[in-house]
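To start, the structure under review is shown below, and the notes come after it.
In the working numbering, the protein residues as written are 863 to 1200.
Below, the structure is given as C-alpha cells:
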C-alpha cells in the first residue's frame, strides 16, 4: 500500500481555501489536527431560536397589535358572526318599535274622526305601523322549546278530574301514563315537533297531538300484535272529535320490533301535514284540516302499560328563533294572520 501523507497547505493554497475541515499541516513533520468550523448561534432560552437584526423592534410592534381579537374573529363560527352583526341591528329596531307611539289626536278632533282616519294612516306606512309589523315578525319567528323529564313532578300537565291519580312513577324516573294528560304550555301552539323516548311494558304506547282539549285531538299508538321472542307491532292512527273516534287506520311498522325496546318517536306537525318517525325512520304521513291548533299529551288505555323517559316540543329553535325569543316581550301565543 502507498503511504498517505497530509497535504501541505503552503504548497497547495487552492486546496487550503477550498475546505475548512481538511487535515492540513504547516509541514509534514508537524502534527496539527484540524478543528471543524463552529456554526452555533446563541439561544435565548425562550424557544424563539436566534434573533435577527431588528427583531426586537418587530417584536414590540407585534406585541402592540391586538392579535387575539382578530384571531378569535377569524376562527369564530359563522353563526356567531351573524348573530354578532344582527343583534345590534335588532336591538335598535326593537327599542325603536316599542318606543314609537302613535301620535295623539290634534286638539278639537273627536274619537270618531280619529277612528275614521285610522285606515288611511295604516295605508300611508307610518312608523308605528311598521314597528307593529316588526313586533309581529319577532313574535312569529321566536323559537319554542318545551322539555320535561318528569323529575319535577307532573305540575306542567293537565287533564280531567282525577287524572293525576292514574299516573305513576317507575324506576329511574320513568313515568307510567294513565288517563289522558296534556302538556299545558303546548296548548296554544299550531306547528311544532314532538319528540319523546318511551317503552312498551304491556300492549301499547299512546300519544296525542293537536289536542284542543281532552275530546278533540289526533292520536297515535304503537300496538304490539304478537309477543314472544319475535314480537310484531303496528302503528294505529285515530282522529277523535267531540270525544268520539272518527277514523281508525292501521299501518305496518317497516322494521323488526324487539322486546324491551326504547322507542325514539318524533311527530312533525306542519300546517295540515303530519309526519311520524320511529327510530328515525318515517312510518306515517297524512293530511287533515279538521283541527288547526292544539298541544301534545299521553295516555294508556286500561290494561295497557307504557313508560316515558322525557318529552320535548320544539319549533323554530335555531339561532334566529332563539334570538327572537329573547327579544319577544310576550310568551308563546297565537297571532291572527296578517
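No residue lacks a Cβ here, since even glycine has one placed at the ideal position from N, Cα and C.
Keep in mind that this is a model prediction, so the values were computed, not measured.
For the beta strand (DSSP E) that residue i lies in, which residues bound it at each end?
i	result
residue 1068	1066-1075
residue 1023	Neither: residue 1023 is in no beta strand (DSSP E) and is coded neither H nor E.
residue 1129	1124-1132
residue 1167	1167-1177
residue 1144	1143-1149
residue 1043	1043-1045
residue 1119	Note, residue 1119: premise wrong, no beta strand (DSSP E); not H, not E.
residue 1114	1106-1114
residue 1016	First-last for residue 1016: undefined, no H or E at that position.
residue 1088	1078-1088
residue 1099	1094-1103
residue 1009	1006-1010
residue 1032	Note, residue 1032: premise wrong, no beta strand (DSSP E); not H, not E.
residue 1157	1157-1161
residue 1140	1135-1140
Using the Cβ count rule (16 or more neighbours within 10 Å means buried), how would you classify residue i?
i	result
residue 1014	exposed
residue 1000	buried
residue 1065	buried
residue 1167	buried
residue 1010	buried
residue 1104	exposed
residue 1092	exposed
residue 1067	buried
residue 1162	buried
residue 1005	buried
residue 1083	buried
residue 881	Legend: pLDDT at residue 881 = 48, less than 50; position of this residue unreliable, value from coordinates given subsequently. Burial call: exposed.
Assuming contact is defined by CB atoms lying nearer than 8 Å, are residue i and residue j in contact in what I supplied?
i	j	result
residue 1059	residue 1157	no
residue 1148	residue 1099	yes
residue 1045	residue 1016	no
residue 947	residue 1056	no
residue 1020	residue 1169	no
residue 1150	residue 1070	no
residue 1165	residue 1003	no
Assuming residue i contacts residue j (C-beta within less than 8 Å), just tell me the rounded distance between them.
i	j	result
residue 1079	residue 1088	About 28 Å; that fails the 8 Å criterion.
residue 1141	residue 1116	Actually they do not touch by this definition, with Cβ atoms about 10 Å apart.
residue 1139	residue 1152	In fact, because the Cβ distance is near 23 Å, the residues do not count as touching under 8 Å.
residue 1097	residue 1145	5 Å
residue 1018	residue 1052	Contact doesn't hold; Cβ gap of about 20 Å is too wide.
In whole angstroms, what separates the C-alpha of residue i from that of residue j?
i	j	result
residue 1040	residue 1132	28 Å
residue 1135	residue 933	46 Å
residue 1028	residue 995	46 Å
residue 1076	residue 1178	27 Å
residue 1094	residue 997	51 Å
residue 1201	residue 1063	No answer is possible for residue 1201: it lies beyond the span of the chain, which begins at 863 and ends at 1200.
residue 1034	residue 1185	35 Å
residue 1026	residue 1125	24 Å
residue 1037	residue 1054	23 Å
residue 1181	residue 1154	27 Å
residue 942	residue 1121	44 Å
residue 1194	residue 1090	Low per-residue confidence applies at residue 1194: pLDDT is 45, beneath 50, and the placement is therefore not dependable, though the value from the model is reported in the following sentence. Going by the C-alpha atoms only, they are around 46 Å apart.
residue 935	residue 950	17 Å
residue 1081	residue 1109	10 Å
residue 1113	residue 1085	10 Å
residue 945	residue 1123	41 Å
residue 1111	residue 1130	18 Å
residue 1031	residue 1023	19 Å
residue 940	residue 1188	20 Å
residue 1171	residue 1119	19 Å
residue 1074	residue 1107	15 Å
residue 973	residue 937	Low confidence applies to residue 973: its pLDDT is 37, below 50, so where it sits in the model is not reliable, and the reading given next is rough at best. Residue 973 and residue 937: Cα-Cα distance of roughly 59 Å.
residue 1012	residue 1137	26 Å
With 8 Å as the threshold, decide whether the Cβ of residue i is near any Cβ in chain B.
i	result
residue 1176	Checking the listed chains, one finds no chain B in this structure; it contains a single protein chain.
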